[in-house]
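What follows is one structure encoded as structure tokens, with my remarks underneath.
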Amino acid sequence: MATVTLSGRRGATDPLKLSRPLGAALAFLGLERCMPLLHGPQGCAAFAKALLTKHFREPVPLQTTAVTELTAVLGAAGHLVTALDTIRSASAPDVIGVITTGVSETSGEDVEATVREYRLGRASGPQDPLVVLVRAPDFIGGLSDGWSAALASIVAAGLEAPPEEQPVRSGPLAFPLLAGVSLAAGDLDELEAMIAGFGVTPVLVPDLSRSLDGHLAPAWSPLTTGGTGRAALAALAAAPAAASAGASAAAAAETLARGGVPVARFDHLAGLEAVDAFVDRLRTTTSEPVPDRVRRDRARLADGLLDTHFVLGGARVAVAAEPELLTGVTHLLASAGARVVAAVSPTDEPVLTTAACEEVVVGDLSDLRARAAEGGAEVVIGSSHTVATARAVGAGHLPLGLPVDHRFGAALNGVAGYRGGLAFVFRAADVLLARQDDAHPAPAAPSGPVPVPAHVTDTLRSPQC
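Residue numbers (our numbering): 125 to 589.
Structural data, given as structure tokens:
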């Protein structure tokens, strides 16, 4: 159990937190043929789009209602309706995610009434886009909170789908997995394969492994080119069982459970203990034996933890990440024998108390720098924004989280499942080994001729047999 400590400063001097609307938009990007729409000024969408594009290195569909100072005072409902009509006519999406921002929330506008009237008047048929509203003021919470709110709204919209939109499934039963914000595309691929191995059809909600995984689309599209389809959302109510992976998916799990679907909830899926519990739930739910491939992957992770223990054992590590990712990473590091000397989260969440370290500070990168230096951190784990901290304290850096724009493949690297955990501990050990190599460089080669030892010259002069 970890003690959660607030930094105590009223302002962030070196921010770590990402905005709540950004988290909500990211969740919508995991839906197929979707267009996230930020109801606020143009800057809200511009900065979010720039950050996501740099991280994923892919075109990111994102629109804004372009609220100005004047319309914020006089009422921006007309801007929202116009934006919805424009998106419908120009792109014909399956889903439109309406995301409020600080401006639309503080102006006193009744966004819920506007969206409700729009649904009844212009988007009520099965051929019309599914319009989902998320309240995401950026002055409360952060990235995880926005993702959590958006995912809960997405699940609720799926449960409210009319009967004609709910498809009749044939073949294996569907097993929905409500994904948390910490799951990268590689994590989702791993969990999808694990679920399919038990003879059920995995339904990932949302699914960034199909939309922002770095695939080369056959043609340009103004919408997302992959992800969870609208039909899959409408089929959630018919699922016999489901699971949620990540604390940020807990609110969506509650929504799905109220719809009559039993949901197994996991704060994270990093490390042997957490993944073992997930596999055991799949085994009991499906009454199928654990696949050989899953058993083999577990054995590899167990062996990898033993191998890397000789490098990571006693290593001092600093971590800065979203709450559920930070918690999972600390458990993986602890299982390899590493010691987390500094852990910083941008927001306070109950899951932080389960982190495998003594203290978690809710603060910014200034707190990370101070505590990493005090603890003598050898490795700093975090986004590209933590590179300067690693350099300042003389530590190695392991990129993880959002955004990572100074390395390739960040969207595919994760920590979940047996394979994800194994890849992570290998990367962490390699960073520590590279730091040790840098601290003890090889001696420089001599510039002149190399003298030959006497015993070698004597051997050369002696007759050979």
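All residues carry an ideal CB built from backbone N, CA and C; glycine is no exception.
Nearest-angstrom Cα distance between S268 and S372?
-> As a first step, residue 268 is located in the sequence shown; it is residue number 144 there, counting from the start. As a first step, residue 372 is located in the sequence shown; it is residue number 248 there, counting from the start. Rounded to the nearest angstrom, the two C-alpha atoms are 6 Å apart.
From which residue to which residue does the alpha helix (DSSP H) around E483 run?
-> Taking the sequence shown and counting its residues from 1, the one referred to as residue 483 is at position 359. No alpha helix (DSSP H) holds E483; the beta strand (DSSP E) holding it covers E483 to V486.
A494 and G520 look like a contact to me (Cβ under 8 Å); what is the Cβ gap, rounded to whole Å?
-> Mapped onto the sequence shown, residue 494 falls at position 370. Mapped onto the sequence shown, residue 520 falls at position 396. With a beta-carbon spacing of about 19 Å, A494 and G520 fall beyond the 8 Å limit used to define contacts.
Just confirm the distance between the C-beta atoms of G321 and V418, as a whole number of angstroms; I'd bet it's less than 8 Å.
-> In the sequence shown, the residue the question calls residue 321 occupies position 197. In the sequence shown, the residue the question calls residue 418 occupies position 294. Rounded to whole angstroms, the Cβ separation of G321 and V418 is 6 Å, and the two are in contact under 8 Å.
Integer Cβ distance of L357 from G304, believed to fall under 8 Å = On the sequence shown, residue 357 is found 233 positions in, with the first residue counted as 1. On the sequence shown, residue 304 is found 180 positions in, with the first residue counted as 1. About 18 Å separates the two Cβ atoms, so there is no contact after all.
Segment limits, beta strand (DSSP E) that includes F434 = In the sequence shown, the residue the question calls residue 434 occupies position 310. No beta strand (DSSP E) contains F434, which is instead part of the alpha helix (DSSP H) from D416 to L436.
6 Å CB neighbourhood of R463 in its chain, flanking five on each side removed | As a position in the sequence shown, residue 463 is number 339, starting the count at 1. The residues are R440.
Return yes when the Cβ of A273 is within less than 8 Å of the Cβ of A148, no when it is not.
-> As a working mapping, residue 148 is identified with position 24 in the sequence shown. As a working mapping, residue 273 is identified with position 149 in the sequence shown. It is a contact, given that the beta carbons lie within the stated cut-off.
Could you tell me the distance, in whole angstroms, from the CA atom of S459 to the CA atom of R240?
-> For the purposes of this step, residue 459 is identified with residue 335 of the sequence shown, where counting begins at 1. For the purposes of this step, residue 240 is identified with residue 116 of the sequence shown, where counting begins at 1. Rounded to the nearest whole angstrom, the CA to CA distance from S459 to R240 is 49 Å.
Kindly indicate which residue of A196, D488 and A247 has the alpha-carbon position closest to the one of T471.
-> Walking along the sequence shown from the start, residue 471 turns up at place 347. Checked all of A196, D488 and A247; the closest Cα to T471 is D488.
Buried or exposed by the 16-neighbour rule on C-beta atoms within 10 Å, applied to T137 | Against the sequence shown, residue 137 aligns to sequence position 13. Here T137 is exposed, its C-beta having fewer than 16 other C-beta atoms within 10 Å.
Is there a Cβ from chain D that is less than 8 Å from the Cβ of F180?
-> Annotation note: the requested chain D is absent from the structure, which comprises a single protein chain.
Around the Cβ of H392, are there at least 16 other Cβ atoms within 10 angstroms (buried) or fewer (exposed)?
-> Position 268 of the sequence shown, counted from the start, is the residue given in the question as residue 392. With 16 or more Cβ atoms within 10 Å of its Cβ, H392 is classed as buried.
Terminal residues of the beta strand (DSSP E) in which I505 lies | Within the sequence shown, the letter at position 381 stands for residue 505. Start and end: V503 to G506.
CB-CB under 8 Å to R243, same chain, minus the five flanking residues each way: which ones, in chain order?
-> Stepping through the sequence shown from its first residue, residue 243 is reached at position 119. Hits under 8 Å: V255.
Taking just the CA atoms, how far does D218 sit from W344?
-> Within the sequence shown, residue 344 is the residue found at index 220, counting from 1. Within the sequence shown, residue 218 is the residue found at index 94, counting from 1. Taking the straight line joining both Cα atoms gives about 17 Å.
By how many angstroms is the C-alpha of D311 removed from the C-alpha of G199?
-> Working through the sequence shown from its first residue, we reach residue 199 at position 75. Working through the sequence shown from its first residue, we reach residue 311 at position 187. Roughly 43 Å between the two C-alpha positions.
So, helix, strand or coil for G520, using DSSP?
-> Along the sequence shown, one-based indexing puts residue 520 at 396. Looking at G520 - three-state DSSP - the assignment turns out to be strand.
Could you work out which residue in E448, L476, F532 and A216 is closest to S508 when comparing CA atoms only?
-> Here the question's residue 508 lines up with position 384 in the sequence shown. With distances taken between Cα atoms, S508 lies closest to F532.
G500 versus A442: straight-line alpha-carbon distance, rounded | For this step, residue 500 is matched to residue 376 along the sequence shown. For this step, residue 442 is matched to residue 318 along the sequence shown. Using only the alpha carbons, I get a separation of about 9 Å.
So R463 is in the beta strand (DSSP E); what residue range does that whole segment cover?
-> By 1-based counting over the sequence shown, the position of residue 463 is 339. In the DSSP annotation of this structure, the continuous segment of the beta strand (DSSP E) that includes R463 starts and ends at R463 to S469.
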